[in-house]
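Trainee: One structure follows; several queries about it will come next.
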């Protein structure tokens, strides 16, 4: 029996509630205000290099990926950044995430970018395993942070 075809497309306004639900399943946190702002910036407004893609099967959203082209941050030439990817638990290991990452990378390449980056928590085994399986490795930059306390 063959798998149903996966369709990858640009997000539209009516995808918002499904994205909020899928993110909450994955993270355990409801962030509707965050996703409304993301939809405004990445779906409702058109900006060069911004991408919010949806994977659906038989009309049902099963995953999404969000990223953009960033330029000259700390001397880095333009590169693609992926900062959100999520796949329905029922569809993991079915090629949905790989298809989404490849689709956004194709868009980055079309826009003249030769590198894609992301940032993943050291404790996030699911996403670390996924990105490593896609050929991503540690890059030349190191993330630094400082607690600002309860000012």
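Numbering (this note's numbering), first residue to last: 8 to 158. Backbone N, C-alpha and C define an ideal beta-carbon position, used for all residues, glycine too.
Closer than 6 Å by C-beta to residue 134: which residues in its own chain qualify, once you throw out the five before and the five after it? Chain order, please.
Mentor: Closer than 6 Å at the Cβ level, and outside the excluded window around residue 134, lie 127.
Trainee: Going by alpha carbons, who is nearest to residue 82 out of 147, 39, 98, 14?
Mentor: The option with the nearest alpha carbon to residue 82 is 147.
Trainee: Reducing DSSP to helix, strand and coil, say where residue 70 ends up.
Mentor: Note: residue 70 maps to strand in three-state DSSP.
Trainee: Closest to residue 84 by CA distance: which of 41, 123, 141, 22 is it?
Mentor: 123
Trainee: Are there three or more Cβ pairs, one per stretch, closer than 8 Å when the region 35-47 is compared with the region 63-70?
Mentor: Segments in contact, no.
Trainee: At the level of alpha carbons, what is the spacing between residue 160 and residue 91?
Mentor: The structure shown has nothing for residue 160, since the chain only spans 8 to 158.
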